[in-house]
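>
4 protein chains.
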Amino acid sequence: MPRISEERREQRRRHILTSAWRCFARDGFHATSMDDVIAASGLSASGVYRYFRSKDELIDAAGRESMRLFRELFDRLLGQRPPPTRTQLLAEVVAMIEEPPDDLSRIAVQAWAEALRRPSLAEHARDFHAELRADLTTLAGRWDVEDPEAVATLLATLLPGLLIAHHVLGGIPTEALFKAF
Amino acid sequence: MPRISEERREQRRRHILTSAWRCFARDGFHATSMDDVIAASGLSASGVYRYFRSKDELIDAAGRESMRLFRELFDRLLGQRPPPTRTQLLAEVVAMIEEPPDDLSRIAVQAWAEALRRPSLAEHARDFHAELRADLTTLAGRWDVEDPEAVATLLATLLPGLLIAHHVLGGIPTEALFKAF
Amino acid sequence: MPRISEERREQRRRHILTSAWRCFARDGFHATSMDDVIAASGLSASGVYRYFRSKDELIDAAGRESMRLFRELFDRLLGQRPPPTRTQLLAEVVAMIEEPPDDLSRIAVQAWAEALRRPSLAEHARDFHAELRADLTTLAGRWDVEDPEAVATLLATLLPGLLIAHHVLGGIPTEALFKAF
Amino acid sequence: MPRISEERREQRRRHILTSAWRCFARDGFHATSMDDVIAASGLSASGVYRYFRSKDELIDAAGRESMRLFRELFDRLLGQRPPPTRTQLLAEVVAMIEEPPDDLSRIAVQAWAEALRRPSLAEHARDFHAELRADLTTLAGRWDVEDPEAVATLLATLLPGLLIAHHVLGGIPTEALFKAF
DNA sequence: GATGAATGAGTGTTCATTCAT
DNA sequence: CATGAATGAACACTCATTCAT
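In structure tokens:
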């Protein structure tokens, strides 16, 4: 029987993950040391290691969390009533990315890079992407498009480029995308 | 007078960069140690440091090189006579990404992630992207599209997604993109 | 009044010692962590610490126990009726060592090494050895030997070598010892 | 081409091994930290690691060295002209053990214990023991004994007991052994 | 000019033990 | 009385980089 409730345990885990999150978003997975995470969490080294067995586990959890949060945001977007039009959807995705804080999308960019060498993250990314495409397909079914699935795929494939445009290239070229899309 | 020496110097520099390249593509920038690079180059530690003052400089150079090589590939594509149609272009970009070796695109993914924290790389990425858009715009001018610049922008923004789809998501959904685009 | 409680206490203590024993025999005193012992015992950390104040105390207890058990085995051997002859005794000691499980003798070897730095264990080892020599002397008095004490001493001194021969050197050279002894 | 001569390299390696030796003799293999060894050597951490890839490698080397030194001592004893008699040999072995410094024999005791869990050390111990028995057999051939090999085996098997008697039990019972042997 | 031995600061992780609950 | 979460100090080891030769 644990002295700490399951709830409290989960809470602590989230606290550590959040602390790591901030470090990861600022410095990247590898330029963040465990000491950075430990200091940010306010716990002791072994306190952190009780909840995450290794730095890798923490990176994994952060990467997955970034995709989970993206799903949540998309779920909200896709669940709107009345369903957004094509233009509205793109506008809202862009707004979502541009809206501070941008921790989430910074970590997503790194998670994709990290997925190159970390099969567990790659798998998670695949799942995320598949679900996203499925949902977008449903939504696109309501638009006046010839092939909803194809349009959904294009949108989903565009996503990484939007993040990179925002963070690296000086901004998302919203106007142009509206016109071309 | 030191003409040959200058040439040799450049040659050496490229050799080191190529050696680092292989390591970076395999393990990422941060999981690659300078010792890895030094061993791969076959030179001595100080031999490497004579040509690159720090690991950061090497990462920078590798990131820039990845963009330079991409430019080269696009230059070839865009310079074709007769100029490729919209569909042809997309097909050739996909073919270029899918064709081994995939070192180049692996490093590009990492370079974008690294650009989040490294202004010099971000700047370079911006330049690359601007040039790419300009060239694509010229090309798109020949297609039957309403707004060539918008189409070029869409294509350029799509690029990161294509790389990630290839490396992480199990393949580029070529068919769907053809239809939607 | 707390009679039963006292009994239970002793029982618990033995349970912990037995659990530690298994770990120590497998991994040695120092490559065994308290967490290993705690996990093996099935108790909580503080449960274990209630019975043994420190790892050192546990090592001490295990070392002493190994000598106590050796005494028990020798007591049985030496108490045989009719008393064993010289050859029989050696044979039985060898049989005792070679008979699995060999936890006991593995720990004895480690206890001697540990006794180099741990006066309390050294003292215990001295006591054990003195008693062993005394008993063997009594027994040797019945044999046809010139100096029973000398023979007993030789036997007692040989003991570590027998254990090491068994565990490290690939077996006790029984035949040769029989001839020479 | 190394900047440091092969000779100097070997010298440094021996220096580190000697520094570790002192620590190991005092505290045992496992209660000695690499920092202890590093401090004793006067080098930096990575300086030590250039010569020994891990603590395990250092323990191995120390264990082997202890056996090598024992061989050297025995070689000298066994090479004496005229060859020692039985009694002389035993006396000299005892003298050798009792003569300070006793680092060597302290480490030997620990090496045997360590050999329980470290096959490489066990193998080395076996080799050492086999050679020792062979040499002793040759020597015993000159004595007036029925079975030289058996006597040699008894002597070799006795060795661990002598060390433990010296270090742990308060002294080697020389007199008794002389009589019984 | 080129070498590679050497470094100090830092890495991720585990340790024996305690104490709030 | 018993728990197991928490700790601080230590652990073995690696890093990017420099400099005596």
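Just so you know, the protein sequences line up as chains A, B, C and D, in that order. Quick note: to get the numbering used here, add 4 to the position in the first sequence (first position is 1). Quick note: to get the numbering used here, add 4 to the position in the second sequence (first position is 1). Quick note: to get the numbering used here, add 4 to the position in the third sequence (first position is 1). Quick note: to get the numbering used here, add 4 to the position in the fourth sequence (first position is 1). Glycine included, every Cβ here is placed at the ideal spot set by N, Cα and C. Nothing here was measured: the structure is a model prediction, and the numbers come from that model.
Name the residues in the stretch 54 to 68 of chain A whose C-beta lies less than 7 Å from a C-beta of chain B; which are they?
Within the stretch 54 to 68 of chain A, contact with chain B at the beta-carbon level (separation under 7 Å) is assigned to no residue.
> Compute the Euclidean distance between the alpha carbons of Ile42(B) and Thr142(D), then round it to the nearest angstrom.
For the purposes of this step, residue 42(B) is identified with residue 38 of the second sequence, where counting begins at 1. For the purposes of this step, residue 142(D) is identified with residue 138 of the fourth sequence, where counting begins at 1. Ile42(B) and Thr142(D): Cα-Cα distance of roughly 55 Å.
> Let me know the secondary structure DSSP gives Ala184(C) once reduced to three states.
The residue you call residue 184(C) lines up with position 180 of the third sequence. In the three-state reduction of the DSSP assignment, Ala184(C) falls in the helix class.
> Given Lys133(C), which residues of its chain have a CB within under 8 Å of its CB, disregarding the five upstream and five downstream residues?
Looking up residue 133(C) in the third sequence gives position 129. The sequence given here places His at residue 133(C); Lys does not occur at that position. Correct list, in chain order: Ala160.
> Beta-carbon within less than 8 Å of Glu153(C)'s beta-carbon, same chain only, minus the 5 sequence neighbours each way: which residues are those?
Numbered from 1 along the third sequence, position 149 holds the residue referred to as residue 153(C). Here the set comprises Arg137, Thr141, Ala144.
> Return the CA-CA distance between Thr178(C) and Pro164(D), expressed in angstroms with no decimal places.
Within the third sequence, numbered from 1, the residue matching residue 178(C) stands at position 174. Within the fourth sequence, numbered from 1, the residue matching residue 164(D) stands at position 160. For Thr178(C) and Pro164(D), the distance between alpha carbons rounds to 17 Å.
> Using 8 Å as the threshold, is the stretch 52 to 69 of chain B in touch with the stretch 16 to 25 of chain B, meaning 3 or more CB pairs across them?
yes
> Taking only the alpha-carbon atoms, compute the straight-line gap between Val172(A) and Val52(A) and give it to the nearest angstrom.
The residue given as residue 172(A) occupies position 168 in the first sequence. The residue given as residue 52(A) occupies position 48 in the first sequence. The alpha-carbon atoms of Val172(A) and Val52(A) are separated by roughly 32 Å.
> Got a sec, what are the start and stop residues for the alpha helix (DSSP H) Ala117(D) sits in?
Counted from its first residue, the fourth sequence places residue 117(D) at position 113. That run of the alpha helix (DSSP H) goes 107 to 119.
> Below 7 Å on C-beta distance, what does Ile168(A) contact in chain B?
Along the first sequence, read from residue 1 onward, the residue named residue 168(A) stands at position 164. At a C-beta separation below 7 Å, Ile168(A) has these neighbours in chain B: Trp116, Pro164.
> Could you check if Thr91(D) is buried or exposed, using at least 16 other CB atoms within 10 Å of its CB as the buried criterion?
For the purposes of this step, residue 91(D) is identified with residue 87 of the fourth sequence, where counting begins at 1. So Thr91(D) ends up on the exposed side.
> Which term fits Asp79(D), buried or exposed, when burial requires 16 or more other beta carbons within 10 angstroms of its beta carbon?
By 1-based counting over the fourth sequence, the position of residue 79(D) is 75. Answer is exposed; the Cβ neighbour count stays below 16.
> Quick check on Glu103(B): does DSSP put it in helix, strand or coil?
Reading the second sequence from its first residue, position 99 is the one you call residue 103(B). In this structure, Glu103(B) counts as coil in the three-state DSSP scheme.
> With 8 Å as the threshold, decide whether the Cβ of Gly175(D) is near any Cβ in chain C.
By one-based count along the fourth sequence, residue 175(D) stands at place 171. Contact with chain C is absent for Gly175(D), since none of that chain's Cβ atoms lies less than 8 Å from the residue's Cβ.
> Starting from Ala35(B), follow the alpha helix (DSSP H) in both directions and report where the run begins and ends.
Sequence index remark: in the second sequence, residue 35(B) carries index 31 (1-based). That residue, Ala35(B), is in no alpha helix (DSSP H); it is neither H nor E in DSSP.
> Buried or exposed: Thr89(B), going by 16 or more other Cβ atoms within 10 Å of its Cβ?
The residue labelled residue 89(B) in the question sits at position 85 within the second sequence. With fewer than 16 other Cβ atoms within 10 Å, it is exposed.
> Measuring CB atoms only, is the stretch 47 to 65 of chain D touching the stretch 97 to 113 of chain D, in the sense that at least three cross pairs come out at less than 8 Å?
no
> Please decide whether Pro6(A) counts as near chain B, where near means a Cβ-Cβ distance under 8 Å.
As a first step, residue 6(A) must be located in the first sequence, where it is residue number 2. Low local confidence applies: a pLDDT of 48 at Pro6(A) is under 50, so the model's placement there is unreliable, with the coordinate-based value given in what follows. So, not an interface residue.
> So, at 8 Å on beta carbons, what are the nonlocal neighbours of Ile101(A) in its own chain, with the 5 sequence-adjacent residues on each side left out?
Here residue 101(A) is taken as the residue at index 97 of the first sequence, counted from 1. Hits under 8 Å: Ser109, Leu166, Leu167, His170, Ile176.
> Any Cβ of chain C within less than 8 Å of the Cβ of Val113(D)?
In the fourth sequence, residue 113(D) corresponds to position 109, counting from 1. At least one chain C Cβ lies under 8 Å of Val113(D).
> Which value, in whole angstroms, describes the spacing of the CA atoms of Arg12(C) and Pro105(C)?
One-based indexing of the third sequence puts residue 12(C) at position 8. One-based indexing of the third sequence puts residue 105(C) at position 101. Arg12(C) and Pro105(C): Cα-Cα distance of roughly 27 Å.
> Can you grab the Cα-Cα spacing for the pair Glu76(B) / Asp139(B), in whole Å?
Start at 1 with the first residue of the second sequence, and residue 76(B) comes out as number 72. Start at 1 with the first residue of the second sequence, and residue 139(B) comes out as number 135. In a straight line, the C-alpha of Glu76(B) is about 12 Å away from that of Asp139(B).
> In the structure shown, what three-state DSSP assignment does Ser23(C) receive?
Here residue 23(C) corresponds to residue number 19 of the third sequence, with the count starting at 1. Here Ser23(C) sits in helix by DSSP.
> Taking 8 Å as the CB-CB cut-off, is Gly145(B) touching chain A?
Along the second sequence, read from residue 1 onward, the residue named residue 145(B) stands at position 141. So, not an interface residue.
> Could you name the residues of the same chain whose beta carbon sits closer than 7 Å to that of Thr157(D), not counting the 5 residues immediately before and after it, in chain order?
What you label residue 157(D) is simply residue 153 of the fourth sequence in a count that begins at 1. Contacts found: Arg137.
> Does any C-beta atom of chain B lie closer than 8 Å to the C-beta of Val172(A)?
Here residue 172(A) is taken as the residue at index 168 of the first sequence, counted from 1. Closer than 8 Å to some Cβ of chain B, the Cβ of Val172(A) qualifies, so yes.
> Give me, in chain order, the residues of the same chain whose beta-carbon lies closer than 6 Å to that of Ile63(B); leave out the 5 immediate sequence neighbours on both sides.
Position 59 of the second sequence holds residue 63(B). These residues qualify, in order along the chain: Phe33.
> On the premise that Leu93(D) lies in contact with Leu81(D), defined as a C-beta separation below 8 Å, what is that separation, rounded to the nearest angstrom?
By 1-based counting over the fourth sequence, the position of residue 81(D) is 77. By 1-based counting over the fourth sequence, the position of residue 93(D) is 89. With a Cβ gap of about 7 Å, Leu81(D) and Leu93(D) count as contacting.
> Is it the case that the Cβ atoms of Ala184(B) and Asp151(A) are separated by a distance below 8 Å?
Within the second sequence, numbered from 1, the residue matching residue 184(B) stands at position 180. Within the first sequence, numbered from 1, the residue matching residue 151(A) stands at position 147. Taking 8 Å as the Cβ cut-off, Ala184(B) and Asp151(A) qualify as a contacting pair.
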